[in-house]
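Trainee:
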Amino acid sequence: MSSAPLSGRTVLITGATSGIGYETARLLAERGATVLVHGRTADEAQAAADRLVATAGIDADRLRAFAADFTRLDEVERLAHRVVAEHPRLDVLVNNAGMAAPERHTITPDGNEIAFQVNFLAHYLLTGLLEPTLTTDPGGRVGRIVNVSSSLHRTASIQWNDPNRARRYSRLAAYAQSQLALTVFASDPRVTAVSVHPGVCETALMPLYANEGVSPAQGAAHVVRLCDPATEIVNGAYYDRDERVEPAAAATEDRTVKRLSKLADLLVGHTATA
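Position one of the sequence shown corresponds to residue 21 (our numbering), numbered consecutively onward.
1) Residues in the same chain with beta-carbon distance under 6 Å from Glu50, minus the five sequence neighbours each way, listed in chain order, please.
2) Taking Phe205 as part of the alpha helix (DSSP H), name the residues at either end of that continuous run.
3) Going by DSSP in three states, Arg164 sits in which element: helix, strand or coil?
4) For the beta strand (DSSP E) containing Glu263, name the first residue and the last one.
5) Considering only residues of the same chain and omitting the five flanking positions on each side of Ser169, which have a CB-CB separation below 7 Å?
6) Going by DSSP, what residue range makes up the alpha helix (DSSP H) through His101?
7) If I follow the unbroken beta strand (DSSP E) through Gly59, where does it start and stop?
8) Taking the continuous alpha helix (DSSP H) assigned at Thr44, which residues delimit it?
9) Specify the secondary structure class of Ile134 as computed by DSSP and reduced to three states.
10) Take the Cβ of Thr75 as the centre, count every other Cβ of all protein chains shown within 10 Å, and call the residue buried at 16 or more, exposed below.
11) Cα-Cα, which of Leu286, Glu95 and Phe90 is closest to Asn181?
12) When you compare the region 139-146 with the region 83-96, are there three or more beta-carbon pairs, one atom per stretch, that lie closer than 8 Å?
13) Mind reading off the beta-carbon distance from Val57 to Ile78? Whole number of angstroms is fine, and I expect it under 8 Å.
14) Measure from the alpha carbon of Val31 to the alpha carbon of each residue in Asp260, Val73 and Ala85, then state which is nearest.
15) Quick check on Val288: does DSSP put it in helix, strand or coil?
16) Taking all protein chains shown into account, decide if Val103 is buried (16 or more other Cβ within 10 angstroms of its Cβ) or exposed.
17) Just verifying my parser: in three-state terms, what is the DSSP assignment at Ala120?
18) For the pair the region 187-194 and the region 122-135, tell me if three or more CB-CB distances fall below 8 Å.
19) Any idea which residues DSSP pairs Asn115 with across the strands?
20) Which value, in whole angstroms, describes the spacing of the CA atoms of Ala135 and Gln66?
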């Protein structure tokens, strides 16, 4: 991985208080980027930023704490508005926050299956609301989006008539559906995005994959590489760690991309990426 400095660049990482997100924040901040550290609560986000200063020697001036509970879309909107107000130019958005679907079918206050909302819909909404910061730049730079996805997207299907899986719920199927949706979203022509499976890492999600995995830092290195402007990207590309491979066929189908955006617009309550 390149170790070129990233000073002058600003990156927002969702789910940056632990695991791959935290290690991505550390690696980018060590290279000089200003990192917006997102957590579920303000206390969690600030604690992660403080930990980066105390244990990794990161300059506190390069870290900003932001909070939003992704089970509540109104909090996602408030997060986006604050980012736009305080950081009108964003170089990279890392859509990393994720959760394993629970054993029992769970609906958020917004009326969506919880894994579908936290892993996909919240990021869809956030990305759309941050679009002005990712594309408005006097120097002509266009920001990029890195979706931290999963190889399990290959096992998934989107239940178009029942995305909440109310009729037939399986936690693994619900999680895989959310990862397929996130991967499909990278092919949306309205955004400049890629998806990456960072490998099976020792995080809270590991039980969905295997009994052992690599460290979160090793997984984060694959995310960081895609944040680097020296790494050229093609919209919609999918990476398995550092190798570009073809995603599931549905992930790049124009009809699926359009259908998903219509569904997501409906579920988040308005056109998020207008």
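The beta carbon of each residue, even a glycine, is placed where N, CA and C say it ideally should be.
Mentor: Let me spell this out:
1) Along the sequence shown, read from residue 1 onward, the residue named residue 50 stands at position 30. Excluding sequence neighbours, Glu50 sits near nothing in its chain.
2) Here the question's residue 205 lines up with position 185 in the sequence shown. Run containing Phe205: Arg191 to Phe205, per the alpha helix (DSSP H) assignment.
3) Numbered from its first residue, the sequence shown carries residue 164 at position 144. In the displayed model, Arg164 falls within a strand according to three-state DSSP.
4) Counting from 1 along the sequence shown, the entry for residue 263 is found at position 243. That run of the beta strand (DSSP E) goes Glu263 to Val265.
5) In the sequence shown, the residue the question calls residue 169 occupies position 149. The answer, listed in chain order, is Gln199, Leu202, Thr203, Ser215, Val216 and His217.
6) The count along the sequence shown starts at 1 and reaches residue 101 at position 81. It spans Leu93 to Glu106 - the alpha helix (DSSP H) in which His101 sits, taken as one unbroken run.
7) Numbered from its first residue, the sequence shown carries residue 59 at position 39. Segment Thr54 to Gly59, the beta strand (DSSP E) holding Gly59.
8) Position 24 of the sequence shown, counted from the first residue, corresponds to residue 44. Unbroken alpha helix (DSSP H) run through Thr44: Gly39 to Glu50.
9) Within the sequence shown, residue 134 is the residue found at index 114, counting from 1. In the structure shown, Ile134 falls within a helical segment according to DSSP collapsed to helix, strand and coil.
10) Taking the sequence shown and counting its residues from 1, the one referred to as residue 75 is at position 55. Burial call: exposed.
11) For this step, residue 181 is matched to residue 161 along the sequence shown. Among Leu286, Glu95 and Phe90, the Cα nearest to that of Asn181 is on Leu286.
12) Counting C-beta pairs closer than 8 Å gives three or more between the region 139-146 and the region 83-96, which meets the contact rule.
13) Mapped onto the sequence shown, residue 57 falls at position 37. Mapped onto the sequence shown, residue 78 falls at position 58. Val57 to Ile78, Cβ: 10 Å. No contact.
14) In the sequence shown, residue 31 corresponds to position 11, counting from 1. Checked all of Asp260, Val73 and Ala85; the closest Cα to Val31 is Ala85.
15) Position 268 of the sequence shown, counting from 1, holds the residue named residue 288. Val288 falls in the helix class under three-state DSSP.
16) Working through the sequence shown from its first residue, we reach residue 103 at position 83. Result: buried.
17) Locating residue 120 in the sequence shown gives position 100, counting from the first residue. Coil at Ala120, not helix or strand.
18) In short, these stretches touch, since the Cβ pair count reaches three.
19) On the sequence shown, residue 115 is found 95 positions in, with the first residue counted as 1. Answer is Asn167, bridged to Asn115.
20) Along the sequence shown, read from residue 1 onward, the residue named residue 135 stands at position 115. Along the sequence shown, read from residue 1 onward, the residue named residue 66 stands at position 46. Approximately 25 Å between the Cα atoms of the pair.
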